[in-house]
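Worksheet for the structure shown next.
Residue numbers (the UniProt record's numbering): 1 to 138.
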């Protein structure tokens, strides 16, 4: 079955995404990413097969697509900022509390002027303050 990282809040752009940029990010989300050997990962390449960050419906932010088995959210944010958002001239800011039930881990993923950081927190404190998301209730 695997595990999923649950992200509870979107990040905000300094302005709404242009339609062409939003469409490119949606297409990127819908594409499997791999190198010539069929592998994802590291060294400037996408960190995993699927990026699960997508523009919000109103194109004012970036959020988790609510699909299961999302891992490497921090690395994916860094990748998107470096390869897409910064070159397009966008600045991303905000924080998204996250947790992984299977490992009893939690934290707050922050972006300040396109710089990503992650701060560990107690999983119960995160759930108490920000709530929970039932991935399998849909």
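Here a beta-carbon is modelled for each residue, glycine too, at the ideal position from N, C-alpha and C.
Just so you know, these numbers come straight off a predicted model, no measurement behind them.
Is there contact here, the stretch 88 to 96 with the stretch 106 to 122, by at least three beta-carbon pairs under 8 angstroms? Touching, yes, given that three or more Cβ pairs across the two stretches are closer than 8 angstroms.
Applying the criterion that 16 or more other CB atoms from any shown protein chain within 10 Å of the CB defines a buried residue, is residue 55 buried or exposed? Reading the chain shown from its first residue, position 55 is the one you call residue 55. Residue burial annotation: residue 55 is buried, with at least 16 other C-beta atoms found within 10 angstroms of its C-beta.
State the beta-bridge partners of residue 62 as determined by DSSP. On the chain shown, residue 62 is found 62 positions in, with the first residue counted as 1. In the DSSP assignment, residue 62 is bridged to 11, 55.
Tell me whether residue 73 sits in a helix, a strand or coil according to DSSP, three-state version. Taking the chain shown and counting its residues from 1, one reaches residue 73 at position 73. It is helical.
Taking Cβ positions, are residue 84 and residue 46 nearer each other than 8 angstroms? Within the chain shown, residue 84 is the residue found at index 84, counting from 1. Within the chain shown, residue 46 is the residue found at index 46, counting from 1. In this structure, residue 84 lies away from residue 46, with their beta-carbon atoms at least 8 angstroms apart.
Beta-carbon within less than 6 angstroms of residue 21's beta-carbon, same chain only, minus the 5 sequence neighbours each way: which residues are those? Walking along the chain shown from the start, residue 21 turns up at place 21. Only 88 meet the Cβ criterion.
CB contact check: residue 45 to chain D, cutoff 8 angstroms: Looking at the structure shown, chain D is missing, and only one protein chain is on hand.
Exposed unless 16 or more other CB atoms sit within 10 angstroms - verdict on residue 31: Here residue 31 corresponds to residue number 31 of the chain shown, with the count starting at 1. Residue 31 is exposed by the Cβ-count criterion.
Determine the DSSP secondary structure at residue 21, reduced to helix, strand or coil. Position 21 of the chain shown, counted from the first residue, corresponds to residue 21. Here residue 21 carries a helix assignment [DSSP, helix/strand/coil].
Buried or exposed: residue 117, going by 16 or more other Cβ atoms within 10 Å of its Cβ? The count along the chain shown starts at 1 and reaches residue 117 at position 117. Using a 10 angstroms sphere on the CB of residue 117, the tally of other CB atoms stays under 16, which defines it as exposed.
Supposed close pair residue 65, residue 29 - CB separation, criterion 8 angstroms: What you label residue 65 is simply residue 65 of the chain shown in a count that begins at 1. What you label residue 29 is simply residue 29 of the chain shown in a count that begins at 1. About 6 angstroms separates the two Cβ atoms, so the contact holds.
Residue range of the alpha helix (DSSP H) that includes residue 124: In the chain shown, the residue the question calls residue 124 occupies position 124. Per DSSP, the continuous alpha helix (DSSP H) segment holding residue 124 begins and ends at 123 to 130.
Taking residue 141 as the reference, which of 3, 91, 23, 58 has the closest Cα? Residue coverage of the chain in this structure runs from 1 to 138, which leaves residue 141 outside it and unanswerable.
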